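What follows is a short report on a single structure.
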Amino acid sequence: MKKIYSITVITSLLLITSCSKDFLDVKPQQSVLTEDVFNSMATSRAAVNGLYSLMQSYSYYGRDAMVIPEVLSDNATRSVRSGNRYTGMNTVTHTATDANVSRMWSQMYQIVTNTNAIIANEANIKKIATSLEQEEAAQLVGEAYAVRALVYFDLMKFFARPLKFTADGSHLGVPLVIKPIVNITEVVYPARNTAAEVYAQIDKDITAAIALLPQTGNVISNGVVNNTLFKIRMNRFSTLALKARVSVYKSDWASAADAANQVIASGRYALYTFGNMLQDFRTQNSAESIFEIANNTNDNPGVDSYAYLCSQQGYGEMLGTRNSMNSRSTGTTLSTFSGLYEAYSATDVRRGFVALGNRNSLGGETNVPIPTKYINISTYMENIKVLRFAEMYLIRGEANARLAVANSTPSLLTTSLTDINLIRKSRDTASATRPFNAQLSGTLPTGTISANAYLDSIIVERRKEFAFEGQRLFDLNRTQTNFVKISSGGNATSRLIQYSVTTSNFFVRTILPIPVTQVQNNPNMVQNPGF
Amino acid sequence: MNTDQYLQYYREGWVNAGNRAGSYDSLLTANGISRSTNTDWFDAVLRQGQYSQYNLNASGGNDKSTYFVSGSYYNSDAPTKGLNYDKATYRINISSELTKKLSFKGGFSGSFQQTSNFLGGSFFANPVRAMYRLAPWLPIYKSDGKTYELGYNNGYNPVAVIETTKRKAKTYNIAANASANYKITKGLTFEGSYAMDFNHAFSSTQYDPRVGNAIVAVGGTIQNYTQDITNWVATNILRYKVDLADDHKLEAFAGYEAQSRSDVDIEIAVNGIAPGTITAAGGSSPTLTTGTANRLVSKFFNTNYSFKDLYFVSGSLREDASSRFAKNFRKATFWSVGAGWNISNEKFYNVSWLSELKLRGSYGYTGNQGIDNFESFGLYGAGSDYNLQSGLAQNQLANDNLTWEKNIPLNIGLDFSMLKGRLSGSFEWYTRTTSDLLISQSIPSVNGVTSITVNSGAMKNTGIELSLSSVNIAPKSKGGFKWVTDFNITTNQNTITEIDPAYAGNANYLRNVGNDFYTHYQRGYAGVNPANGEALWYRNGTKDSTTNSFTTALPRLQYGSALPKFYGGLTNTFSYKNFKFSFQLYTFWGNTIYDDYGYLQKTDANLGFSDQSNGLSRYEYERRWTTPGQITDVPKPVFLGTQSSSGSFESSRFLYDGSYIRLRDVTLSYNLPTELLNKFKFSNVRVYLRGQNLFTYVKDKRFNTDPEVSIDGTMAQRPPVFNTFLFGLDINF
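Protein chains in written order, with my numbering: chain Y, 1 to 531; chain B, 1001 to 1733.
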């Protein structure tokens, strides 16, 4: 009996194992096939979430997009006790092989191609959405347009000259890729479009976004309004704030003032109070945030984050600048340097963000400005601020001032002064008693400055307001202001390198190189000057 | 180099940078450097290792059933502190004839492995990295001699890391197989078999909350990782064996096989571990679960024919289909043919001193599907979460035409034996053409991805293999003195015959047509300017013009290959009675190695007193430029300079000749005499003492670490190969 049993069991092994037709159709488990993504609302929503997640990466807003415009300007320098981050940029000897530049370029274009896919599938998404989800479906596409505009704008700021560099904007911008790419047969090798073409596309995308996003400015998720998402996803007001900023970079002052006005008129935001600015800045969804990238305890760039780079318990190698760093024991003549720390008066609350401290490493600098806008390296619950309310006043102020100068309209100058003085008053008790007063022409009474001096002081005010928020280099670039970059300041006895940017070398090395691999593998790509 | 020598070197750099020599001492104090601290990091990280190994075999049976049982245990403490490894295995095979026609074979095997180790690679927490790079003036302990000094290397004091990080990994493996064989008629049998193997690996790493800045910030971390792999294979084969006429033998078999493999990986990380606990309970925990699978279906046919003992011919044909490729390109047909001619058995052959001579050859067409499981498909990957909600982002473009890589191997060999078996060996010449290479092609990143896998390119591998065995001294009687020398050598020439210019290979290799796959490609370092000690690089390919500015030097030049001209071994074995002594020399010759961390370590004081850039060897220290007119290849040190280094100047300065000869294995063994064995019913007991890697000769004098590197010729801060001594015992029942 046992023998027959064992023979039967063994014989079953001889049965031919035939396989079904689907045996070789194995589906991936943590990915979705591209053709399935826009077939359901759940995956479409996930695709839009993916855009913001890509922006959160340390190679974009997570760190590099905030650091590069500071370290290449007169605001920041690396400590003498540092690892190998940003060594080239710190001495302005970076080359087209720079890894940070390459990663940022790739990250930005990855976001662009993802937005292209969402935008191209607008009809699909609206078809699969139920009648209650139609508004959300339109919003998803609107967010994609807004994100695309934001990213192309960043590409232009980092890699190309401002729009008005040539009268008609015919100088080189970046390649415009606006069709989705899914298959190897759709791969493109594009040339760089002109600056005018890229800015025209950005304008088009902003207009399309505003048309599709909910008019209330609210963000809808899973069919209902979700107020916790108001500041961390692109909505009508953050798109308008973006429009204001883009218009400034285009020198289109009327549009800038109008867009900033709409954001201010919404009533959804408020400036930080003087006494609470330091802690309010560091809270998530703060009163001034218009658009910020969310970080959570389990979802953040970790040791690659901006907070970790600045915190003295982390890498701590990014330092603010001060005048005393501009010295050298061998006593050669140095160019004049204006440090970030000295830009603030002693009563300015914002100086608390670059308070003097010591470098936490054996042999590090003492009494240097330590940047503390982002410092949480235990829970990382700090959102990266991309658009902030204070900027709306500064933009409206600057736009009105420039229109006043261009059209000789003194009333606009007065309107401008209201906005600028509001910001100055909110940040510095001393300024409350010494407001700006400017005049277009004629002899200047005491306490009044010329219109041009006033415009320069607006740029200084922006430097003080947005230190370490990734804006300085772009303000310098768009106004073509001369500046001196110092590096390895440290103690008086250490070596100092200076890099001066003047009329003769504007945009040479103050816009980033196209990554060398992109120039090599695309015969249509042209490199930027100086690389 | 010790602290004094380094500080002397930096003082020179300080003066070269234009500073007063007198201010150097205050610089040291400002940087917290004390001359009296001299840490020997090699000493701190290494120790005397030991290992032991035990094997046990037993087999037996009768004419109907047989069994085989074996087990082994291996235990070691590696010479790097904190690295241990244990392994135990077992195997049981049984076979049984159930009836005259039906027989059965089955078996189980399993293993258990346990290791404790630390992170490798370029992490701060890797103690081996520290061994190579940390400065000797950094103290291990604070002034009390007990508290760890954590003010450097981002808080990762290597001794603290080794002593406080607990990192344990366990792997369990179980495999089972069963097959049945049925004799249909004379010569024709049918076989069905099924094999399954299951692997479960678990590892847990606990980072102490006191060590490492990133870990301190989150209050300690525990990372657990689990991986489960399941594999099964089902095969059906029909075999036919017949003797046609007298001397004609024919054998053929045809079969059908299906295989499947699936993996599930789970990763958990918890921060803020409660003191004294070791499991990931409490704290915050991000979890990652991933899974993947692939399948293969094959049909095959194989035949071989032989005439007397003279001529042999064989052929095979198969069709494989893989799930990795898109529908239309899954299948491919492969074949091979072989032939052999036993010349020495021919009637006409009468060369008495060359007693055996056999010519053989084979030629075929085979395939390779060495890519990830879903590389042909357009994918959106999960994991792009935002605000605790799931997110998807496109991360792969589709390539519907992706298919098998093809290989065409041709081998011709000659086996011989002469002088009554005193000298024997074989000589083989081979050439293998590979086409439709599965490679990554770079595309402009404006497309959203930076590369895509395609079939493109072709290469050829040609070479010879020679092995010889010579009985130099033959034993005069049983157990007499015998001396045998075995020699083998292999050459291989790899040539790329076709490649797309958009190939996204490693930028450090020049993969052009005509080069081999690992030709080094670096900026040309031209030595040092004798007048002022500055580093120089070539401006052009003809190397007749140099510049002292790294950024204006010609981008890259072609250098030697990471592939060797030849490699081989020579083993001498001496035996007398029950003793045996052998030693093996191994050589790897003619390759070039690139130190991919060289530009971060050998920085000519350009990074100041940086904790981690101290890889200067004594050879380089002694050859540094000091006086005008001196001709050398090591630039002068310049404290915080930017001319010769600044931490990003990769160049041929870090290329070395990797040729070496190594005394790899020396073994002395003793087989217990038969009288003793019979007493205890053992069939064999062997005791041995073995030394490995006892001595190495490296051709390039500038090279100061281990020349045994991976095939790509880079060094990558791996732990070096160690000298070891082993005591072993083999027992067979």
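Where is the CB? At the ideal position from N, CA and C, for every residue including glycine. Since we're looking at a predicted model, the values are computed, not measured.
| Query | Result |
| --- | --- |
| Can you give me the start and stop residues for the beta strand (DSSP E) that glutamine 1522 of chain B sits inside? | 1519-1522 |
| Excluding the 5 residues preceding and the 5 following phenylalanine 237 of chain Y in the sequence, name in chain order all residues of the same chain whose CB lies nearer than 6 Å to its CB. | Gly217, Val263 and Ser266 |
| Is it buried or exposed, phenylalanine 1377 of chain B, if we count other Cβ atoms within 10 angstroms and call 16 or more buried? | buried |
| With a threshold of 8 Å between beta carbons, is alanine 117 of chain Y in contact with chain B? | yes |
| When the Cβ atoms of the region 1627-1637 of chain B are set against those of the region 105-124 of chain Y, are three or more pairs found closer than 8 Å? | no |
| With H, G and I counted as helix, E and B as strand and the rest as coil, what does DSSP make of methionine 55 of chain Y? | helix |
| Are serine 1034 of chain B and tryptophan 1137 of chain B closer than 8 Å when you measure CB to CB? | yes |
| If you measure beta-carbon to beta-carbon, which residues of the region 1005-1019 of chain B are closer than 9 Å to chain Y? | Ala1017, Gly1018 and Asn1019 |
| Quick one: Cα of glycine 489 of chain Y to Cα of valine 80 of chain Y, how far? | Only weak support exists for where glycine 489 of chain Y lies, its pLDDT of 46 falling under 50; the coordinates are left without a value. |
| Residue range of the beta strand (DSSP E) that glutamine 1206 of chain B falls in? | 1188-1207 |
| Please classify asparagine 482 of chain Y as buried or exposed, where buried requires at least 16 neighbouring CB atoms within 10 angstroms. | exposed |
| For a test of the three-state rule: what should DSSP assign to phenylalanine 986 of chain B, helix, strand or coil? | Absent from the model: residue 986 of chain B. The displayed extent of chain B is 1001 to 1733, so no value can be given. |
| Rounding to the nearest angstrom, what Cα-Cα distance links asparagine 75 of chain Y and tryptophan 1014 of chain B in this structure? | 28 Å |
| Report back the beta-carbon spacing between lysine 1482 of chain B and serine 1575 of chain B to the nearest angstrom; my notes put them in contact at under 8 Å. | 5 Å |
| In three-state DSSP terms, what is methionine 1001 of chain B? | coil |
| Can you pull the DSSP bridge partners for lysine 1168 of chain B? | B:Ser1116 and B:Ser1204 |
| Could you give the DSSP three-state label for phenylalanine 1104 of chain B: helix, strand or coil? | strand |
| Is it true that the CB of leucine 1402 of chain B sits closer than 8 Å to the CB of phenylalanine 1329 of chain B? | yes |
| Tell me the residue span of the alpha helix (DSSP H) that contains glutamine 262 of chain Y. | 253-265 |
| Should the region 1418-1436 of chain B be regarded as contacting the region 1392-1408 of chain B, the criterion being three or more beta carbon pairs within less than 8 Å? | yes |
| Can the beta-carbon of alanine 1293 of chain B be found closer than 8 Å to that of alanine 1258 of chain B? | no |
| Under 8 Å Cβ-Cβ, which residues of chain B neighbour valine 147 of chain Y? | What valine 147 of chain Y touches in chain B: nothing, since even the nearest Cβ is about 12 Å away. |
| Any contact between the region 1546-1560 of chain B and the region 1513-1531 of chain B? By contact I mean 3 or more CB pairs, one from each, below 8 Å. | yes |
| In chain Y, what lies closer than 8 Å to aspartate 1208 of chain B by C-beta? | None at all; the shortest Cβ gap to chain Y is about 16 Å. |
| Beta carbons nearer than 9 Å to chain Y: which residues of the region 1573-1594 of chain B have them? | none |
| In whole angstroms, what separates the C-alpha of leucine 1238 of chain B from that of threonine 1290 of chain B? | 39 Å |
| Show which residues of chain C have a CB atom less than 7 Å away from the CB atom of phenylalanine 159 of chain Y. | As a matter of chain content, chain C is missing from the structure shown, whose protein chains are Y and B. |
| Using C-beta distances below 6 Å, list every residue in its chain close to valine 1484 of chain B, excluding the 5 sequence neighbours before and after it, in chain order. | Val1471 and Thr1573 |
| Can you list, in chain order, the residues of its chain whose CB lies under 7 Å from that of arginine 1556 of chain B, leaving out five sequence neighbours each side? | Tyr1521, Gln1522 and Arg1523 |
| Of the residues that make up the region 1357-1384 of chain B, which ones have a beta carbon closer than 9 Å to any beta carbon in chain Y? | Asn1373, Phe1374, Phe1377, Gly1378, Leu1379, Tyr1380, Gly1381, Ala1382, Gly1383 and Ser1384 |
| For glycine 50 of chain Y, return the contacting residues in chain B, with the cut-off set at a CB-CB distance below 7 Å. | Ser1384, Gly1391, Leu1392 and Ala1393 |
| Which of helix, strand or coil does DSSP assign to tyrosine 1156 of chain B? | coil |
| So, helix, strand or coil for tyrosine 308 of chain Y, using DSSP? | helix |
| Count the CB pairs spanning the region 1348-1357 of chain B and the region 1385-1396 of chain B that are closer than 8 Å, and state whether there are at least three. | no |
| For the beta strand (DSSP E) containing asparagine 1407 of chain B, name the first residue and the last one. | 1405-1418 |
| With a CB to CB cut of under 8 Å and the five nearest residues on each side skipped, what residues in its chain are close to serine 82 of chain Y? | Tyr315 and Glu317 |
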